[in-house]
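Number of protein chains: 2
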Amino acid sequence: MAPATIRIAMPDWLSDAIRNTPACPDDELKMQAVIGLAQRNLERDTGGPFAAGIFDLRTHRMIAAGVNVVVPTHLSCAHAEITALSLAQQQLGNHDLAAIGDFALASSTEPCAMCCGALPWSGIRRLICGATSADACAIGFDEGPRHPDWIAELTRRGITIATEVCRHEARAILQRYVQRGGPIYNGSAGARTP
Amino acid sequence: MAPATIRIAMPDWLSDAIRNTPACPDDELKMQAVIGLAQRNLERDTGGPFAAGIFDLRTHRMIAAGVNVVVPTHLSCAHAEITALSLAQQQLGNHDLAAIGDFALASSTEPCAMCCGALPWSGIRRLICGATSADACAIGFDEGPRHPDWIAELTRRGITIATEVCRHEARAILQRYVQRGGPIYNGSAGARTP
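Those sequence lines, one after another, are chains A and B.
Just so you know, my numbering puts 182 at position 182 of the first sequence, and the rest follows in order with no gaps.
Just so you know, my numbering puts 293 at position 99 of the second sequence, and the rest follows in order with no gaps.
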């Protein structure tokens with residue numbers, strides 16, 4: 001029988017890393033903090049080369065963060081943006097972060113189609129991106145059927161966006177992942193199409 | 195501190211309902227089984243008016259199913275498609291269902307932008323939809339920045355698609371939900387945009 005509960009465990013080191021992150025008053029500091037988590041996820045071999053953090057825009061503190069754990073958890077939806085949003089929402093007890101305050105999501109790489117679609121439901125007010133989707137595609141990931149005008153679509157839903165923040169450092173993590181032979185976990189349905 | 199594990203619990207009644215579902219050899223039978231779960235989620239007041247099932251295309255058995263539990267779990271990503279895929283993947287121990295076999299996802303309503311983006315990562319080979327996105331929008335849901343050509347985008351990634359299967363019955367669940375005053379849980383960031 002199917003289990004009745006989905007469990008998505010973050011790596012053990014993550015809680016301490018969040019606790020030790022100082023306030024990050026601007027986009028670059030938020031991105032550097034998130035890149036540090038992606039870097040650690042790579043070094044510790046605890047998942048994919050992606051991390052995301054949720055920041056309270058009043059205090060600029062990182063209140064929650066998630067890393068990509070698709071392969072270790074066997075969950076194709078366990079992208080960093082999804083885990084970060086979910087941890088923040090469970091912690092604050094609300095599926096709509098905008099009902100509680102003003103929160104930003106900083107993601108070490110631009111969101112794929114799934115994570116882009118997740119953002120309006122979540123109530124975040126700002127999205128800060130590091131590496132681009134082209135950078136993720138360059139190492140083999142298929143970012144999926146994302147809306148061609150995704151930035152305009154998010155903007156008109158009340159989400160402000162900054163792209164290519166510390167892109168060079170964020171992209172370097174992707175490149176190191178593929179050099180180490182990290183798995184490119186695209187679904188393989190398409191590969192078997194006649 | 196943020197909790198280290200995300201937990202998404204399905205309603206207690208769901209495991210028995212899956213166990214009692216007979217083989218469903220065609221799209222209509224698969225959809226009727228899924229509509230039955232959405233109906234029960236509504237009647238038991240255990241979440242939103244959406245359900246999804248994962249079917250093995252060799253045996254036509256429902257191997258896993260999920261319902262929408264956004265409001266009770268405080269998780270904006272806890273849509274039926276995401277919970278169904280995640281339960282199937284954890285059960286089978288693989289993030290890529292296409293690596294194991296041929297599986298279909300039947301969803302009582304067409305996927306929103308997030309769930310559409312989740313499908314290629316998951317390795318499902320077929321998508322069966324009941325109510326349309328227009329039906330979901332008609333009761334107030336914003337299905338988000340979905341790709342305008344989402345059917346073509348999924349098709350070229352190896353996913354075959356059937357839409358409007360038992361649409362009338364599936365739409366009736368949505369209409370009953372809103373008549374009962376069920377929450378429309380769009381993120382409210384846009385509502386507060388200057």
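Ideal Cβ placement from N, Cα and C applies to all residues, glycine included.
Would you say A118 of chain A and R351 of chain B are within 8 Å of each other, going by their C-beta atoms?
One-based indexing of the first sequence puts residue 118 of chain A at position 118. One-based indexing of the second sequence puts residue 351 of chain B at position 157. Judged by their CB atoms, A118 of chain A and R351 of chain B are not nearer to each other than the 8 Å cut-off.
Span of the beta strand (DSSP E) holding T109 of chain A?
Numbered from its first residue, the first sequence carries residue 109 of chain A at position 109. Per DSSP, T109 of chain A belongs to the beta strand (DSSP E) from 103-109.
For A259 of chain B, the three-state DSSP class (helix, strand or coil)
Taking the second sequence and counting its residues from 1, one reaches residue 259 of chain B at position 65. Strand at A259 of chain B.
Per-residue DSSP class, three states only, for T59 of chain A
Walking along the first sequence from the start, residue 59 of chain A turns up at place 59. Looking at T59 of chain A - three-state DSSP - the assignment turns out to be coil, as it is neither helix nor strand.
In three-state DSSP terms, what is T5 of chain A?
The residue given as residue 5 of chain A occupies position 5 in the first sequence. Assignment of T5 of chain A by DSSP, reduced to helix, strand and coil, places it in the strand class.
Which residues does DSSP pair with L321 of chain B in a beta bridge?
The residue given as residue 321 of chain B occupies position 127 in the second sequence. Bridge partners of L321 of chain B: B:L299, B:I355.
Below-8 Å beta-carbon distance, T5 of chain A vs any chain B residue:
Indexing the first sequence from 1 puts residue 5 of chain A at position 5. With 8 Å as the cut-off, T5 of chain A counts as an interface residue toward chain B.
Give me the subset of the segment 290-303 of chain B whose CB atoms are less than 8 Å from a CB atom of chain A, sorted by chain position.
Listed by position along the chain: D290, L291, A292, A293.
Name the one or two DSSP bridge partners that I333 of chain B has.
Your numbering for residue 333 of chain B matches position 139 in the second sequence. In DSSP, I333 of chain B forms no bridge with anything.
Going by C-alpha distance, which of B:N214, B:P216, B:R252, B:A274 is nearest G242 of chain B?
Working through the second sequence from its first residue, we reach residue 242 of chain B at position 48. Checked all of B:N214, B:P216, B:R252, B:A274; the closest Cα to G242 of chain B is B:A274.
Assigned exposure category for T277 of chain B - 16 Cβ within 10 Å defines buried:
Your numbering for residue 277 of chain B matches position 83 in the second sequence. By the 10 Å Cβ count, T277 of chain B comes out buried.
Proximal residues of chain A, C-beta to C-beta of T277 of chain B below 8 Å:
Here residue 277 of chain B refers to the residue found at position 83 when the second sequence is read from its first residue. Against T277 of chain B, the close residues of chain A are I6, in the order they occur along the chain (beta-carbon pairs closer than 8 Å).
Beta-carbon within less than 8 Å of N380 of chain B's beta-carbon, same chain only, minus the 5 sequence neighbours each way: which residues are those?
Taking the second sequence and counting its residues from 1, one reaches residue 380 of chain B at position 186. The answer, listed in chain order, is G334, F335, D336.
Please confirm whether S133 of chain A has its beta-carbon closer than 8 Å to some beta-carbon of chain B.
On the first sequence, position 133 is the one that residue 133 of chain A refers to. Taking Cβ atoms only, chain B never reaches closer than 8 Å to S133 of chain A, which makes this a no.
Could you tell me the alpha carbon to alpha carbon distance between A170 of chain A and P305 of chain B, rounded to whole angstroms?
Here residue 170 of chain A refers to the residue found at position 170 when the first sequence is read from its first residue. Here residue 305 of chain B refers to the residue found at position 111 when the second sequence is read from its first residue. Each residue's alpha carbon lies about 31 Å from the other.
Determine, using beta carbons only, whether G317 of chain B comes closer than 8 Å to chain A.
Within the second sequence, residue 317 of chain B is the residue found at index 123, counting from 1. Chain A contact via Cβ: present.
Closer than 7 Å by beta-carbon distance: list the chain B residues that pair up with D142 of chain A, in chain order.
Indexing the first sequence from 1 puts residue 142 of chain A at position 142. Neighbours of D142 of chain A on chain B, chain order: P314.
Could you pull the DSSP bridge partners for I294 of chain B from this structure?
Position 100 of the second sequence, counting from 1, holds the residue named residue 294 of chain B. Answer is none; I294 of chain B lacks a bridge partner.
For a contact defined as C-beta to C-beta under 8 Å, what are the partners of W207 of chain B on chain A?
Here residue 207 of chain B refers to the residue found at position 13 of the second sequence. The contacting residues do not exist; W207 of chain B stays about 10 Å from chain A at best.
Using a Cβ-Cβ cut-off of 7 Å (strictly less than) and excluding sequence neighbours within five positions of C360 of chain B, which residues of its own chain qualify?
Working through the second sequence from its first residue, we reach residue 360 of chain B at position 166. Contacts found: E222, M225, Q226, I229, G324.
Please list the partners that R351 of chain B has in chain A, where partner means a Cβ-to-Cβ separation under 7 Å.
Counting from one through the second sequence, the residue named residue 351 of chain B turns up at place 157. Within chain A, the residues whose beta carbon sits less than 7 Å from that of R351 of chain B are A189, G190, listed in sequence order.
Quick check: the segment 315-329 of chain B against the segment 263-271 of chain B, are at least 3 beta-carbon pairs closer than 8 Å?
Contact between the segment 263-271 of chain B and the segment 315-329 of chain B is absent, because fewer than three Cβ pairs lie under 8 Å.
Can you confirm whether P25 of chain A, when its beta carbon is compared against all beta carbons of chain B, has any partner nearer than 8 Å?
Position 25 of the first sequence, counted from the start, is the residue given in the question as residue 25 of chain A. At a cut-off of 8 Å, the C-beta of P25 of chain A has no neighbouring C-beta in chain B.
What residues of chain B sit near R146 of chain A, judged by a beta carbon separation below 7 Å?
Residue numbering aside, residue 146 of chain A sits at position 146 when the first sequence is read from its first letter. For R146 of chain A, the chain B residues whose Cβ falls inside 7 Å of its Cβ are G311, H341, in order along the chain.
With a 10 Å radius around its C-beta and 16 neighbouring C-beta atoms as the bar for buried, classify T73 of chain A as buried or exposed.
In the first sequence, the residue the question calls residue 73 of chain A occupies position 73. Result: buried.
Closer than 7 Å: is that where the CB of M204 of chain B sits relative to any heavy atom of the ligand NAP?
Summarising the ligand content, the structure contains no ligands, and the ligand NAP is consequently not present.
Against Q90 of chain A, what residues of chain B qualify as contacts under a CB-to-CB distance less than 8 Å, listed in chain order?
Locating residue 90 of chain A in the first sequence gives position 90, where the first residue counts as 1. Under the 8 Å cutoff, chain B gives P197, I200, R201, T267, H268, L269.
As a quick exercise: from B:A307, B:C309, B:G317, B:A366, pick the residue whose alpha carbon is nearest that of Q283 of chain B.
Indexing the second sequence from 1 puts residue 283 of chain B at position 89. Taking only the C-alpha atoms, the option nearest Q283 of chain B is B:G317.
Thinking just about the alpha-carbon of each residue, which of B:H254, B:T215, B:A245, B:L281 is nearest to the one in G298 of chain B?
Translated into the one-based positions of the second sequence, residue 298 of chain B becomes position 104. The sequence shown places Ala at residue 298 of chain B, rather than the Gly named in the question. Taking only the C-alpha atoms, the option nearest A298 of chain B is B:H254.
On the DSSP bridge list, what partners appear for A52 of chain A?
As a working mapping, residue 52 of chain A is identified with position 52 in the first sequence. Partner(s): A:G66, A:S107.
8 Å Cβ cutoff, Y371 of chain B in contact with chain A
Locating residue 371 of chain B in the second sequence gives position 177, where the first residue counts as 1. Chain A contact via Cβ: absent.
Residues of chain A with a CB under 9 Å from the CB of C323 of chain B: which are they?
Here residue 323 of chain B is taken as the residue at index 129 of the second sequence, counted from 1. Annotation: C323 of chain B has no Cβ neighbours in chain A at a cutoff of 9 Å; minimum Cβ distance is about 15 Å.
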